[in-house]
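Numbering (this note's numbering), first residue to last: 5 to 71.
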């Protein structure tokens with residue numbers, strides 16, 4: 005696996021886990037529970053968005069010679 009792909013996947017995992025931590029904090033502060041499916045869907049969306057954004061940003065920064 006190329007380092008760029010590996011790094012972007014790890015950033016996707018970090019983004020997804022960060023969302024889950026924020027959701028847990030929301031619940032601990034007496035927030036209303038939503039369905040498990042909705043939370044899983046948003047978590048997946050956040051993870052994919054973070055991975056895609058980091059993949060594209062690293063390529064852009066590499067072309068600009070900033071990495």
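For every residue, glycine included, the Cβ atom is placed at its ideal position computed from N, Cα and C. Predicted model only: the values in this text are computed from it and were never measured.
>> Please report the distance separating the alpha-carbon of residue 106 from that of residue 62.
In response: The chain is shown only over 5 to 71; residue 106 falls outside these bounds and no answer can be derived.
> alpha helix (DSSP H) containing residue 47: first to last residue?
Replying inline: That run of the alpha helix (DSSP H) goes 40-67.
>> To the nearest angstrom, how far is the alpha carbon of residue 20 from that of residue 30?
In response: Straight-line spacing of the CA atoms in residue 20 and residue 30 works out to 15 angstroms.
>> Which residue marks the beginning of the alpha helix (DSSP H) containing residue 8, and which one marks its end?
In response: Where residue 8 is concerned, the enclosing alpha helix (DSSP H) stretches over 7-32.
> Taking buried to mean at least 16 other C-beta atoms within 10 Å of its own C-beta, is residue 15 buried or exposed?
Replying inline: The residue in question, residue 15, is buried, as its Cβ has 16 or more Cβ neighbours within 10 Å.
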